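Asks: Let me begin by handing over the structure; questions about it come next.
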Amino acid sequence: MARPLPIVPALPNLPEKVEQENVKNDEVCRLRRNTETCYAASTPKDALMTDKTRRQTLEEMLADDPLDEFLRYGLGMEYVSGGDHETAVRVFQELIAQNPARPYIPAFLMAAQSLMKLGRSKAAIPILKQGVEEARKQNQQHPMGEMQTLLDSLE
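End of the sequence shown sits at 158 in the numbering used here; the numbers just go up one at a time, nothing left out.
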C-alpha cells in the first residue's frame, strides 16, 4: 500500500528584486527557502570584480605561467571589453606568435576584429588569411568559416 504524499504549504512569492533578475531555475528553489542569502549567492562572484581587477589577476597568473594560451586570450578579451583595442591587438598577436607551429585560432579573429574597430580593416586582411589557413590545418571548421566570412566582407 502506497503512503500518501505529505501536504506541502504553498511557497511564498519571490520578492520583486529577485523577479527582476535573470535567475536560473535551479536557484529559484533556494531563493524561496532563504531569499536574502540565496539572492546574494545567485550573483556571480566575478560580477563584483572590476575590469582592472580581472586584468590584474590575469596578468599575475600569466607572470606565473606565461605560455598559458587561455590566460593570454582572456587578457586580450579584457582589453577588448575595456575598449583598448590597440593593446588587445598586441596581446592577440603575441598569442599567435607564441606557438607558430600551432597558433591559438580564436586570436586571429579577435585581432582582426580589434583592428577593424580601430579603423584598420586593411591590416586585418592578412591576419584573417593566415587565420583561415591555420584553422584549416588544425581542422577547426567553425572559426575558419567565421574568419572567411569576415574576410569576404573586407575584400
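A virtual CB, placed ideally from N, CA and C, is assigned to each residue, including glycine.
Predicted, not measured: the structure shown is a model, and the values here were computed from it.
What do you reckon, are the CB atoms on I130 and A115 nearer than 7 Å?
Replies: Working through the sequence shown from its first residue, we reach residue 130 at position 127. Working through the sequence shown from its first residue, we reach residue 115 at position 112. Yes, the Cβ-Cβ distance between I130 and A115 is below 7 Å.
Asks: Out of R105, T152, Q144, which has the shortest C-alpha to C-alpha gap to I128?
Replies: Residue mapping note: residue 128 aligns to position 125 of the sequence shown, counting from 1. Considering only alpha carbons, the answer is T152.
Asks: Going along the chain, which residues of its own chain have a beta-carbon closer than 6 Å to the beta-carbon of L78, five neighbours each way excluded?
Replies: Stepping through the sequence shown from its first residue, residue 78 is reached at position 75. Same-chain partners within the cutoff: L61, V94.
Asks: Considering just the uninterrupted stretch of the alpha helix (DSSP H) at D155, what are its terminal residues?
Replies: Within the sequence shown, residue 155 is the residue found at index 152, counting from 1. Where D155 is concerned, the enclosing alpha helix (DSSP H) stretches over 144-157.
Asks: Between the alpha carbons of K125 and M64, how many angstroms are there, rounded?
Replies: For the purposes of this step, residue 125 is taken as residue 122 along the sequence shown, with counting starting at 1. For the purposes of this step, residue 64 is taken as residue 61 along the sequence shown, with counting starting at 1. Those two C-alpha atoms are separated by around 34 Å.
Asks: On the CB-based measure, 16 or more other CB atoms within 10 Å of its CB, does P109 come out buried or exposed?
Replies: The residue you call residue 109 lines up with position 106 of the sequence shown. Buried is the call here.
Asks: Would you tell me roughly how many angstroms separate the C-alpha atoms of G166 and T56, rounded to the nearest one?
Replies: Not covered by the structure: residue 166. The range shown for the chain is 4 to 158.
Asks: Taking P103 as the reference, which of E137, A91, G85 has the closest Cα?
Replies: Residue 103 sits at position 100 when you count from the first residue of the sequence shown. When only C-alpha atoms are compared, the closest one is E137.
Asks: Just tell me which of R139, K132, H145 has its CA closest to the CA of S156.
Replies: Reading the sequence shown from its first residue, position 153 is the one you call residue 156. S156 has its Cα closest to that of K132, out of R139, K132, H145.
Asks: Using C-beta distances below 7 Å, list every residue in its chain close to N25, excluding the 5 sequence neighbours before and after it, in chain order.
Replies: Walking along the sequence shown from the start, residue 25 turns up at place 22. Here the model assigns N25 a pLDDT of 43, short of 50, so the residue's position is not dependable, and the following value carries that caveat. Once the five neighbours on either side are set aside, N25 has no close Cβ partner at all.
Asks: For the candidate residues V83, D87, Y76, whose alpha-carbon lies nearest to that of E97?
Replies: As a first step, residue 97 is located in the sequence shown; it is residue number 94 there, counting from the start. If we check each option's Cα against that of E97, Y76 comes out closest.
Asks: So R58 and E89 are in contact, right, with Cβ under 8 Å, and what is the actual spacing, rounded?
Replies: Position 55 of the sequence shown, counted from the start, is the residue given in the question as residue 58. Position 86 of the sequence shown, counted from the start, is the residue given in the question as residue 89. The Cβ separation is near 15 Å, so there is no contact.
Asks: For Q143 and F73, I'd like the C-alpha separation in whole angstroms.
Replies: On the sequence shown, position 140 is the one that residue 143 refers to. On the sequence shown, position 70 is the one that residue 73 refers to. Whole-angstrom Cα-Cα distance: 17 Å.
Asks: By Cβ distance below 8 Å, which residues in the same chain neighbour A91 in space, the five residues on each side in sequence not counted?
Replies: Taking the first residue of the sequence shown as position 1, residue 91 is located at position 88. For A91, where only same-chain residues beyond five positions count, the Cβ hits under 8 Å are G79, M80, Y82, V83, M113, A114, S117.
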